[in-house]
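J.: Attaching a single structure in structure tokens format; questions to follow.
Residue numbers (the UniProt record's numbering): 1 to 103.
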């Protein structure tokens with residue numbers, strides 16, 4: 001596990017590719033299209049770069065095992081049931097208290 005963390009830290013230190021000048025926000029495309037800041041090619045390149053960087057970031061994630069996911073899911077369900085019972089009891093008690101006061 002320590003080796004995985006070391007690799008993730010080393011990967012995080014790698015420099016990120018600089019965006020081309022045409023992809024910077026606020027610049028107009030070479031074709032001068034009215035109302036459009038970027039050409040279609042620049043938008044496609046920006047989208048491709050986004051997905052490539054997303055893929056790299058997802059490789060850095062330490063995903064839980066199936067056993068951890070099941071245990072956490074069961075804990076959430078148990079907690080939800082306990083809270084539902086507790087809130088139901090409190091609601092019933094307060095309803096009876098208000099009914100008693102009003103009668």
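Note that the Cβ used here is the ideal one computed from N, Cα and C, for glycine as well.
1) Taking buried to mean at least 16 other C-beta atoms within 10 Å of its own C-beta, is residue 27 buried or exposed?
2) Return the CA-CA distance between residue 49 and residue 62, expressed in angstroms with no decimal places.
3) Roughly how many angstroms lie between the CA atoms of residue 67 and residue 76, to the nearest whole one?
4) Grouping DSSP H, G and I as helix and E and B as strand, with all else coil, what is residue 39?
5) How many Å lie between residue 32 and residue 59 at the Cα?
T.: Quick look at the numbers:
1) Its pLDDT being 49, under 50, residue 27 is placed unreliably in this model, and the coordinates cannot settle the point.
2) Straight-line Cα distance between these residues: approximately 23 Å.
3) In a straight line, the C-alpha of residue 67 is about 14 Å away from that of residue 76.
4) Residue 39: coil per DSSP, three-state reduction.
5) Note that residue 32 scores 49 on pLDDT, short of 50, meaning its location in the model is unreliable; the coordinates nonetheless yield the value given after this. Approximately 39 Å between the Cα atoms of the pair.
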